[in-house]
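Trainee: Okay, here's the structure, questions in a sec.
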Amino acid sequence: MTGSVTDLLAFIDASPTPYHAVEQCCGRLEEHGFSALAEADAWNLSPGGRHYVVRGQGSLLAFELGERPPVEAGFRMLGAHTDSPVLRLKPCADLTKQGYRQLAVEPYGSLLLHSWLDRDLSLAGRVFYDAGQSGMACALVDFRRALLRIPNLAIHLYNELRQEGLKLNPQRHMLPIVGLESAPELAELLAAELRNKGPKDCADLRAESICSYDLLTFDLQAASRWGANAEFIAAPRLDNLVSCHAGVSSLLAASQQGKVPFTRVLIFNDHEEVGSRSALGAQGTFLADGLRRVAGGSGAASAEALPRAIAQSWLISADMAHAVHPNYADRHEPGHRPVLGGGPVLKGNANLSYATDGEGVGFFTSLCRAAGIAPQHFVTRSDLGCGSTIGPITAAALGVRTLDVGSPMLSMHSCRETASAADVDSMIAVLTGYFQGVV
Ligand code: CO
Numbered sequence: 263m264t265g266s267v268t269d270l271l272a273f274i275d276a277s278p279t280p281y282h283a284v285e286q287c288c289g290r291l292e293e294h295g296f297s298a299l300a301e302a303d304a305w306n307l308s309p310g311g312r313h314y315v316v317r318g319q320g321s322l323l324a325f326e327l328g329e330r331p332p333v334e335a336g337f338r339m340l341g342a343h344t345d346s347p348v349l350r351l352k353p354c355a356d357l358t359k360q361g362y363r364q365l366a367v368e369p370y371g372s373l374l375l376h377s378w379l380d381r382d383l384s385l386a387g388r389v390f391y392d393a394g395q396s397g398m399a400c401a402l403v404d405f406r407r408a409l410l411r412i413p414n415l416a417i418h419l420y421n422e423l424r425q426e427g428l429k430l431n432p433q434r435h436m437l438p439i440v441g442l443e444s445a446p447e448l449a450e451l452l453a454a455e456l457r458n459k460g461p462k463d464c465a466d467l468r469a470e471s472i473c474s475y476d477l478l479t480f481d482l483q484a485a486s487r488w489g490a491n492a493e494f495i496a497a498p499r500l501d502n503l504v505s506c507h508a509g510v511s512s513l514l515a516a517s518q519q520g521k522v523p524f525t526r527v528l529i530f531n532d533h534e535e536v537g538s539r540s541a542l543g544a545q546g547t548f549l550a551d552g553l554r555r556v557a558g559g560s561g562a563a564s565a566e567a568l569p570r571a572i573a574q575s576w577l578i579s580a581d582m583a584h585a586v587h588p589n590y591a592d593r594h595e596p597g598h599r600p601v602l603g604g605g606p607v608l609k610g611n612a613n614l615s616y617a618t619d620g621e622g623v624g625f626f627t628s629l630c631r632a633a634g635i636a637p638q639h640f641v642t643r644s645d646l647g648c649g650s651t652i653g654p655i656t657a658a659a660l661g662v663r664t665l666d667v668g669s670p671m672l673s674m675h676s677c678r679e680t681a682s683a684a685d686v687d688s689m690i691a692v693l694t695g696y697f698q699g700v701v
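Residue numbering for the sequence shown follows this note's numbering, starting at 263 and increasing by one per position.
Here is the structure:
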């Protein structure tokens, strides 16, 4: 067990942004014989072939063709998302105020703003720069040092705090400080970072050559274990890097155990936290485009290859689930209170915020039993709203049988979330069985 937990924590620390998470996944897949395909190229696929394709650096589709073509044996897919709620830099981020240099940020997704205060924050993402004759180039950047901080207001200067509670205006109160006014501008910081740690063509990069960026703040504190028996893990981005890690780990484990008739698929989408409506998101065409090419066929056979394959396929949408919080147990529906360490959670919602139905519950319960595990169940209280996932969106787009599951966690969308160490292994065990076709 310790092996997969340690591996997960390292994976999270190395993945401060969706771009880095996808890069980490690709590295792991390549180590196990998966080769990169480009969407712009023709694909020559053969049975047993292992490949992956990336769209926009934030979304990943990986597949291992089965012994039989998808039209005969279908797909077994595992979906997750690569993004997490975060403070993203605005395009013209440089600000100076009251003798400080600050950066303009915009909340991405629904984040618990207060959890970002008084932390050692850093900056990571991708930078586009003018690479001379080769045109525009892109490099990943990860400052990996305490660069930014959003200080709390002292209680002595905050009379209203006691009556009204903490109120944070995202426009006024969440701007990180990056230094005193004399500190370098963002483009200077980026150019220096890329000169030191970037690709070779950045050796002489100047600030004027930085064209644009997608930059995210992140908490520098390393992912860790805690609790009397180290039974818990604390880390940023558990939602949903736990599921990405479980997906890659289980696909590779199953792949080593042997061949199966069906085609194994991982689909990791960016942009879930903001509704999935993008070229990279679950509402986009990335998965359908890829599956159509994997399903193959020619002439009339190609028109029916994908729908025939989909009709005998499954998608498990893996995203985190709300464990019961001891201080707020009444926020959960009685009888549906997942606990940390209790194993994978089946997520249901009568109004289809989750895609799970009775057939999906039965299928996943059988997979859990085969691994010696009893699944937990979550539905939200009838008087509370319900989160959603890529599950219902992908189910609607493809017409594929889908169920929503996840590992239980606390503090979802905090800068630093909590989950259980034991649940890391149990989810990987169940998903490995899924990819191995034990049920
Ligand atoms: Co999520």
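Built from N, CA and C at the ideal position, the CB exists for glycine as well. Here the structure is a predicted model, which means the values were calculated and not measured.
#1: Just tell me which of Gln-698, Pro-654, Gly-543 and Leu-271 has its CA closest to the CA of Ala-484.
#2: If you measure from the CB of Asp-404, is any heavy atom of the ligand CO nearer than 7 Å?
#3: Does the distance from the CB of Asp-392 to the CB of Cys-473 come in under 8 Å?
#4: In angstroms, rounded to a whole number, what distance separates the CA positions of Gln-519 and Gly-320?
#5: Counting along the chain, where does the beta strand (DSSP E) carrying His-507 start and finish?
#6: Nearest by alpha-carbon distance to Leu-665: which of Leu-693, Asp-645, Glu-679 and Met-671 is it?
#7: If you compare alpha carbons, which of Ala-565, Asp-275 and Arg-312 is closest to Glu-293?
#8: Which one or two residues does DSSP pair with Ser-384 in a beta bridge?
#9: Which residues in the same chain as Val-440 place their Cβ atom closer than 6 Å to its Cβ, once the five residues preceding and following it in sequence are excluded?
#10: For the ligand CO, is there a heavy atom less than 7 Å away from the beta-carbon of His-533?
#11: Answer yes or no: do Gly-361 and Leu-478 have a C-beta to C-beta separation smaller than 8 Å?
#12: Suppose you measure from the CA of Thr-651 to the CA of Arg-663; what does that come to, to the nearest Å?
#13: Can you tell me the Cα-Cα spacing of Gly-336 and Asp-275, whole angstroms?
#14: Can you find the residues in the same chain that come closer than 7 Å, C-beta to C-beta, to Ala-454, ignoring five residues on each side of it along the sequence?
#15: In whole angstroms, what is the alpha-carbon distance linking Lys-359 and Cys-648?
#16: Can at least three beta-carbon pairs, one atom from the segment 536-547 and one from the segment 558-576, be found at a separation below 8 Å?
#17: Would you check if the segment 605-619 and the segment 665-684 touch, i.e. whether three or more CB-CB distances between them fall below 8 Å?
#18: Along the beta strand (DSSP E) that carries Cys-287, what are the first and last residues, could you check?
#19: Nearest to Leu-385 by CA position, among Thr-642, Gly-699, Gly-328 and Leu-456, is which residue?
#20: In the DSSP assignment, what residue or residues form a beta bridge with Ile-655?
#21: Quick one, are the C-beta atoms of Gly-341 and Leu-577 less than 8 Å apart?
#22: Excluding the five sequence neighbours on either side, which residues of its own chain have a C-beta within less than 8 Å of the C-beta of Arg-643, listed in chain order?
#23: Going by DSSP in three states, Asp-404 sits in which element: helix, strand or coil?
#24: Please tell me whether Val-510 and Arg-338 are closer than 8 Å, where the distance is taken between their beta carbons.
#25: Three or more C-beta pairs closer than 8 Å, one from the segment 297-313 and one from the segment 486-499: is that the case here?
#26: Would you report the Cα separation of Val-701 and Asp-404, rounded to the nearest angstrom?
#27: What would DSSP say about Val-692, mapped onto helix, strand or coil?
#28: Could you check if Glu-679 is buried or exposed, using at least 16 other CB atoms within 10 Å of its CB as the buried criterion?
Mentor: With the given structure in hand:
#1: Selected option, being the one with the closest Cα: Leu-271.
#2: no
#3: yes
#4: 29 Å
#5: From DSSP, His-507 is part of no beta strand (DSSP E) but of the alpha helix (DSSP H) over 500-519.
#6: Leu-693
#7: Arg-312
#8: Paired residues: Phe-480.
#9: Arg-363, Leu-365 and Leu-410
#10: Incorrect: His-533 has no Cβ contact closer than 7 Å to the ligand CO.
#11: no
#12: 15 Å
#13: In a straight line, the C-alpha of Gly-336 is about 35 Å away from that of Asp-275.
#14: none
#15: In a straight line, the C-alpha of Lys-359 is about 40 Å away from that of Cys-648.
#16: no
#17: Of all C-beta pairs linking the segment 665-684 to the segment 605-619, three or more are shorter than 8 Å, placing the two stretches in contact.
#18: Cys-287 -> not in any beta strand (DSSP E); alpha helix (DSSP H) instead, spanning 280-293.
#19: Leu-456
#20: Bridge partners of Ile-655: none, in fact.
#21: Taking the C-beta atoms as reference points, Leu-577 is found nearer than 8 Å to Gly-341.
#22: Arg-593, His-594 and Glu-595
#23: strand
#24: no
#25: no
#26: 42 Å
#27: Here Val-692 sits in helix by DSSP.
#28: buried
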